[in-house]
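Colleague:
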Amino acid sequence: MAQEVRGVIAGGKDEPVRTETILVPDPGPGEAVVEVRACGVCHTDLHYRQGGINDEFPFLLGHEAAGWVESVGEGVTEVVPGDFVILNWRAVCGQCRACRRGRPWYCFDTHNARQPMTLKDGTPLSPALGIGAFAEKTLVAAGQCTKVDAEVSPAVAGLLGCGVMAGIGAAINTGGVGRGDSVAVIGCGGVGDAAVAGARLAGAARIIAVDIDDRKLETALKIGATHSVNSRREDPVEAIRGLTGGFGADVVIEAVGRPETYEQAFYARDLAGTVVLVGVPTPEMKLELPLLDVFGRGGSLKSSWYGDCLPSRDFPMLIDLHRQGRLDLGAFVTETIGLDDVEQAFERMHAGDVLRSVVVF
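Take a look at the structure:
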């Protein structure tokens with residue numbers, strides 16, 4: 001029997017979000033119902049509200065979440081009721097060409113729950129990234145649940161479900177940052193700061209944070225950056241080169257998702273260095289680079305989707321590092337809020353006043 005719970009809905013493009021009663025069905029084959037304990041307010045949720053992802057309104061927002069498995073459907077073996085889990089938006093299929101080649105983080109046929117959650121009048125909801133966790137409970141594919149140590153606070157664990165994992169993975173998984181490398185991170189929001197943390201974990205010798213906001217640069221330095229560059233006041237390409245012996249960084253991570261900052265990343269890397277795009281562009285954006293420069297500079301131009309992560313491998317590992325004191329996930333939490341405070345959290349995010357607001361149930 002479907003359960004009635006409270007959830008945050010985006011009803012139309014640029015409309016303020018609202019809290020409504022939603023219906024969560026019993027889990028079907030391969031599905032799980034999760035009692036959400038915490039969910040981060042990610043910029044992707046704001047993109048959904050603004051119509052920047054697609055126009056499949058109404059959306060049930062929220063996706064950076066952790067909680068307890070309440071019930072599972074037929075055939076579920078990944079988790080059992082009572083497991084503490086982090087939700088992910090890429091339940092791998094195990095059968096596509098990427099999975100069969102041993103690269104499930106590139107899975108081409110990821111899936112979500114088949115049944116819809118709905119409003120009380122039967123209107124189906126589109127869950128953000130297939131999760132919809134600004135709700136007391138949510139229905140997901142069982143493969144979207146990754147069991148982790150239950151001793152960790154849900155408010156920090158859930159951040160691995162999107163932004164923090166995307167940034168750490170961009171540095172470690174996609175960028176291949178190694179001991180002694182120089183790394184520049186352009187854009188020091190939640191994802192960019194996570195890339196800083198990832199570069200530090202990997203043993204980078206020099207980590208250069210670039211942003212236009214001194215407050216964000218101060219936070220990046222606390223998280224692990226060794227140098228900062230305010231690109232309003234100085235040319236970031238020249239500044240990065242100046243901090244790397246005139247050569248450029250071994251790895252440059254672009255965490256903004258704009259053509260201008262991508263071009264900066266391209267020219268701020270060393271010859272044969274690596275550029276990683278983890279910032280999310282909008283559909284109309286175009287990039288123009290001299291093809292001769294692309295050829296002549298060598299190296300790699302990579303995109304990082306979800307930090308090229310494999311949740312079953314990466315989430316427990318990063319939780320262990322957090323418990324060991326080697327990864328301070330709590331540093332990413334600016335404030336904890338209630339379910340009715342999401343619209344105000346979007347405003348603070350847009351103003352650059354928070355790194356992460358986290359809804360706690």
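Just so you know, the sequence shown maps onto residues 1 to 361 in the UniProt record's numbering.
Virtual Cβ for every residue (Gly too), placed ideally from N, Cα, C.
Kindly indicate which three-state DSSP category I212 falls into: helix, strand or coil?
Modeller: In the sequence shown, counting from the first residue as 1, residue 212 sits at position 212. Coil, per DSSP.
Colleague: Measure from the C-beta of N54 to each C-beta in chain C and report whether the shortest distance is under 8 Å.
Modeller: Looking at the structure shown, chain C is missing, and only one protein chain is on hand.
Colleague: Can you tell me the Cα-Cα spacing of C39 and T336, whole angstroms?
Modeller: The residue labelled residue 39 in the question sits at position 39 within the sequence shown. The residue labelled residue 336 in the question sits at position 336 within the sequence shown. C39 and T336: Cα-Cα distance of roughly 10 Å.
Colleague: Hey, quick one: how far does the alpha helix (DSSP H) through L46 stretch, first residue to last?
Modeller: In the sequence shown, the residue the question calls residue 46 occupies position 46. Counting along the chain, the alpha helix (DSSP H) containing L46 begins and ends at 43-49.
Colleague: Can you give the Cα-Cα distance for D45 and V92, rounded to whole angstroms?
Modeller: Within the sequence shown, numbered from 1, the residue matching residue 45 stands at position 45. Within the sequence shown, numbered from 1, the residue matching residue 92 stands at position 92. About 22 Å.
Colleague: If you pair each beta-carbon of the stretch 168-180 with each one of the stretch 54-65, do three or more pairs fall below 8 Å?
Modeller: Output reads no: the stretch 54-65 does not touch the stretch 168-180.
Colleague: Short check: CB of V41 to CB of A66, under 8 Å?
Modeller: Numbered from 1 along the sequence shown, position 41 holds the residue referred to as residue 41. Numbered from 1 along the sequence shown, position 66 holds the residue referred to as residue 66. No, the pair does not count as a contact, with Cβ atoms beyond the cut-off.
Colleague: Cα-Cα, which of E238, T110, S153, I212 is closest to R351?
Modeller: The sequence position of residue 351 within the sequence shown is 351, counting from 1. Rather than Arg, the amino acid found at residue 351 in this sequence is Ala. It is I212 whose Cα lies nearest to the Cα of A351.
Colleague: What are the boundary residues of the alpha helix (DSSP H) that includes R313?
Modeller: Along the sequence shown, one-based indexing puts residue 313 at 313. Its alpha helix (DSSP H) spans residues 311-323.
Colleague: Along the alpha helix (DSSP H) that carries Q344, what are the first and last residues, could you check?
Modeller: Sequence index remark: in the sequence shown, residue 344 carries index 344 (1-based). Q344 -> alpha helix (DSSP H) spans 342-350.
Colleague: Give the secondary structure of E238 by DSSP, where H, G and I count as helix, E and B as strand, and everything else as coil.
Modeller: Taking the sequence shown and counting its residues from 1, the one referred to as residue 238 is at position 238. Residue state, collapsed to three classes: helix.
Colleague: So, helix, strand or coil for T110, using DSSP?
Modeller: The count along the sequence shown starts at 1 and reaches residue 110 at position 110. DSSP places T110 in coil when its eight states are reduced to three.
Colleague: For the candidate residues T274, C162, Y267, whose alpha-carbon lies nearest to that of L87?
Modeller: Start at 1 with the first residue of the sequence shown, and residue 87 comes out as number 87. Taking only the C-alpha atoms, the option nearest L87 is C162.
Colleague: Taking residue 394 as the reference, give the member of E347, F346, H322, D353 with the closest Cα.
Modeller: Because the chain is modelled from 1 through 361, residue 394 falls outside the range shown and cannot be assessed.
Colleague: Specify the secondary structure class of V156 as computed by DSSP and reduced to three states.
Modeller: Here residue 156 refers to the residue found at position 156 when the sequence shown is read from its first residue. Note: V156 maps to helix in three-state DSSP.
Colleague: DSSP has C145 in a bridge; who is on the other side?
Modeller: By 1-based counting over the sequence shown, the position of residue 145 is 145. Paired residues: L87.
Colleague: Return the CA-CA distance between T219 and L159, expressed in angstroms with no decimal places.
Modeller: Taking the first residue of the sequence shown as 1, we reach residue 219 at position 219. Taking the first residue of the sequence shown as 1, we reach residue 159 at position 159. When rounded, the distance between both Cα atoms is 17 Å.
Colleague: Provide the residue span of the beta strand (DSSP E) that contains D250, from first to last.
Modeller: In the sequence shown, counting from the first residue as 1, residue 250 sits at position 250. It spans 249-254 - the beta strand (DSSP E) in which D250 sits, taken as one unbroken run.
Colleague: Following the continuous beta strand (DSSP E) through residue 433, name the residue where it begins and the one where it ends.
Modeller: Here the chain has residues from 1 to 361 only, and residue 433 is not among them.
Colleague: Tell me the rounded alpha-carbon separation between P127 and W305.
Modeller: Indexing the sequence shown from 1 puts residue 127 at position 127. Indexing the sequence shown from 1 puts residue 305 at position 305. Their Cα atoms are separated by approximately 19 Å.
Colleague: Go through its chain and collect everything with a Cβ distance to K13's Cβ below 6 Å, but skip five positions before and after it.
Modeller: Mapped onto the sequence shown, residue 13 falls at position 13. Here the set comprises G51.
Colleague: When we look at the beta-carbon of L271 and count the other beta-carbons within 10 Å, is it buried (16 or more) or exposed?
Modeller: By one-based count along the sequence shown, residue 271 stands at place 271. Classification of L271: exposed, given that the 10 Å Cβ count is below 16.
Colleague: What first and last residue would you give for the alpha helix (DSSP H) that runs through L292?
Modeller: Residue mapping note: residue 292 aligns to position 292 of the sequence shown, counting from 1. Residues 291-297.
Colleague: If distances are taken between C-alpha atoms only, which option among R179, N173, T118 comes closest to A195?
Modeller: Position 195 of the sequence shown, counted from the start, is the residue given in the question as residue 195. Checked all of R179, N173, T118; the closest Cα to A195 is N173.
Colleague: Beta-carbon within less than 7 Å of P81's beta-carbon, same chain only, minus the 5 sequence neighbours each way: which residues are those?
Modeller: The residue labelled residue 81 in the question sits at position 81 within the sequence shown. So the list reads V69, E70, S71, V72, once near-sequence residues are dropped.
Colleague: Report yes if the CB atom of L327 is closer than 8 Å to the CB atom of A197, and no otherwise.
Modeller: Numbered from 1 along the sequence shown, position 327 holds the residue referred to as residue 327. Numbered from 1 along the sequence shown, position 197 holds the residue referred to as residue 197. It is a contact, given that the beta carbons lie within the stated cut-off.
Colleague: Taking the continuous beta strand (DSSP E) assigned at G7, which residues delimit it?
Modeller: Here residue 7 refers to the residue found at position 7 of the sequence shown. Here the beta strand (DSSP E) through G7 covers 3-10.
Colleague: When DSSP labels each residue in this structure, what does residue 436 get in the three-state scheme?
Modeller: With the chain covering 1 to 361 only, the question about residue 436 has no answer from this structure.
Colleague: Quick one: what does DSSP say T118 is sitting in, helix, strand or coil?
Modeller: For the purposes of this step, residue 118 is taken as residue 118 along the sequence shown, with counting starting at 1. T118: strand per DSSP, three-state reduction.
Colleague: The beta strand (DSSP E) with T19 in it runs from where to where?
Modeller: Residue numbering aside, residue 19 sits at position 19 when the sequence shown is read from its first letter. Note, T19: beta strand (DSSP E), 18-24.
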